[in-house]
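**Student:**
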Amino acid sequence: QKEVEQDPGPLSVPEGAIVSLNCTYSNSAFQYFMWYRQYSRKGPELLMYTYSSGNKEDGRFTAQVDKSSKYISLFIRDSQPSDSATYLCAMSARGGSYIPTFGRGTSLIVHP
Amino acid sequence: EPEVTQTPSHQVTQMGQEVILRCVPISNHLYFYWYRQILGQKVEFLVSFYNNEISEKSEIFDDQFSVERPDGSNFTLKIRSTKLEDSAMYFCASSEARDITDTQYFGPGTRLTVL
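Going down the list, the sequences are from chains A and B.
Positions 37 to 148 (the working numbering) are the ones given, in order, by the first sequence.
Positions 21 to 135 (the working numbering) are the ones given, in order, by the second sequence.
1) Ser47 of chain B CB to nearest chain A CB: under 8 Å?
2) Could you pull out every residue in the same chain whose Cβ sits closer than 7 Å to the Cβ of Asp122 of chain B, ignoring the five residues on either side in sequence?
3) Can you pull the chain B neighbours of Leu144 of chain A, defined as C-beta to C-beta under 8 Å?
4) Any beta-carbon of chain B closer than 8 Å to the one on Lys78 of chain A?
5) What's the C-alpha gap between Tyr61 of chain A and Pro50 of chain A?
6) Select from the region 88-120 of chain A all residues with a C-beta closer than 8 Å to any C-beta belonging to chain B, and list them in chain order.
7) Using DSSP with H/G/I as helix, E/B as strand and the rest coil, what is Pro50 of chain A?
8) By Cβ distance below 6 Å, which residues in the same chain neighbour Pro46 of chain A in space, the five residues on each side in sequence not counted?
9) Strictly by DSSP, which residues pair up with Glu88 of chain B?
10) List the residues of chain B whose Cβ lies closer than 9 Å to the Cβ of Glu81 of chain A, in chain order.
11) With distances taken from CA atoms, which of A:Gln42, A:Tyr87, A:Leu124 and A:Lys92 is nearest Phe66 of chain A?
12) Near Phe69 of chain A, what residues of its chain come up, given a Cβ to Cβ distance below 8 Å and the 5 sequence neighbours on each side ignored?
13) With burial defined as no fewer than 16 other Cβ atoms inside 10 Å of the residue's Cβ, what is the status of Met35 of chain B: buried or exposed?
14) Could you tell me how far apart the beta carbons of Tyr229 of chain A and Leu83 of chain A are, in whole angstroms, since I believe they sit closer than 8 Å?
15) Name the two residues that bound the continuous beta strand (DSSP E) containing Thr102 of chain B.
16) Just mark Asp83 of chain B as buried or exposed, buried being the case when its beta carbon has 16 or more other beta carbons within 10 Å.
17) List the endpoints of the continuous beta strand (DSSP E) containing Phe81 of chain B.
18) Of all Cβ atoms in chain B, is any one closer than 8 Å to the Cβ of Gly45 of chain A?
19) Between Phe138 of chain A and chain B, is the shortest Cβ-Cβ distance under 8 Å, so that the two count as touching?
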């Protein structure tokens, strides 16, 4: 079983839609959860991070972690064409290597 | 806003040749990293570097790879004898510290094509 699973998509939505991006993981030691955005031919850019379970909101973005289900989500409200990118989840464990383990990324296309 | 830069943006080489990928981390950062991303696959950690030595490396980072900080600003990744399967995007990243909460800032990447 892969450590971090993420549907590669593509996910195509109309402008203004609410987008839900998800990852599952198998390593119960993961406690730090990150979402990166990667535009075409660019490096990943950290969007949000959360520690342990719960929700975190930043503008139109909400990150959610459910450790009991080993499931994390990123919600984008009022999606814009400029949100079109690949979204990578990543996670790491405290007390060991802090190096993040990435998912494959989900390609999101927001069309006008 | 400070950013990580990488050169070249695209490198084409013949199998068996040596390549050096260059990175300039953010100036006050102390930890440096290399990752790679094969087309269509996930970002994979290669190596981390601190205080002029490797602090952690993955299984991918074998004897063909080496890293160096030759001066106060550059951080390089050398692949001694490239293989076809080394074709990938290589990302450099840097962070202020090595803690679970410290953000790694990624460069734009170097696309390596091995023919």
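Backbone N, C-alpha and C fix where the C-beta goes; we use that ideal spot for every residue, glycine too.
**Tutor:** By the coordinates alone:
1) On the second sequence, residue 47 of chain B is found 27 positions in, with the first residue counted as 1. Ser47 of chain B does not count as touching chain A.
2) Within the second sequence, residue 122 of chain B is the residue found at index 102, counting from 1. Around Asp122 of chain B: Ser115 and Glu116.
3) The count along the first sequence starts at 1 and reaches residue 144 of chain A at position 108. Around Leu144 of chain A, no beta-carbon contact reaches into chain B at under 8 Å, the shortest distance being about 16 Å.
4) Working through the first sequence from its first residue, we reach residue 78 of chain A at position 42. True, the Cβ-Cβ gap to chain B drops below 8 Å.
5) Numbered from 1 along the first sequence, position 25 holds the residue referred to as residue 61 of chain A. Numbered from 1 along the first sequence, position 14 holds the residue referred to as residue 50 of chain A. Roughly 29 Å between the two C-alpha positions.
6) none
7) Here the question's residue 50 of chain A lines up with position 14 in the first sequence. If DSSP states are grouped into helix, strand and coil, Pro50 of chain A belongs with the strands.
8) Translated into positions along the first sequence, residue 46 of chain A becomes position 10. The answer, listed in chain order, is Ser143 and Ile145.
9) The residue labelled residue 88 of chain B in the question sits at position 68 within the second sequence. DSSP, once it has assigned bridges, lists B:Thr96 as partnering Glu88 of chain B.
10) The residue you call residue 81 of chain A lines up with position 45 of the first sequence. Here the neighbours are Tyr125 and Phe126.
11) Locating residue 66 of chain A in the first sequence gives position 30, counting from the first residue. Measuring from the Cα of Phe66 of chain A, the nearest candidate turns out to be A:Tyr87.
12) The residue you call residue 69 of chain A lines up with position 33 of the first sequence. Only Tyr85, Thr86, Tyr87, Ala99, Val101, Ile108, Cys125, Ala126 and Met127 meet the Cβ criterion.
13) Along the second sequence, one-based indexing puts residue 35 of chain B at 15. The residue in question, Met35 of chain B, is exposed, as its Cβ has fewer than 16 Cβ neighbours within 10 Å.
14) Absent from the model: residue 229 of chain A. The displayed extent of chain A is 37 to 148, so no value can be given.
15) Mapped onto the second sequence, residue 102 of chain B falls at position 82. Thr102 of chain B -> no beta strand (DSSP E), and no H or E assigned at all.
16) Here residue 83 of chain B refers to the residue found at position 63 when the second sequence is read from its first residue. Label assigned to Asp83 of chain B: exposed.
17) Counting from one through the second sequence, the residue named residue 81 of chain B turns up at place 61. From DSSP, Phe81 of chain B is part of no beta strand (DSSP E); its letter is neither H nor E.
18) As a first step, residue 45 of chain A must be located in the first sequence, where it is residue number 9. By this cut-off, Gly45 of chain A is not an interface position.
19) Working through the first sequence from its first residue, we reach residue 138 of chain A at position 102. At a cut-off of 8 Å between beta-carbon atoms, Phe138 of chain A makes contact with chain B.
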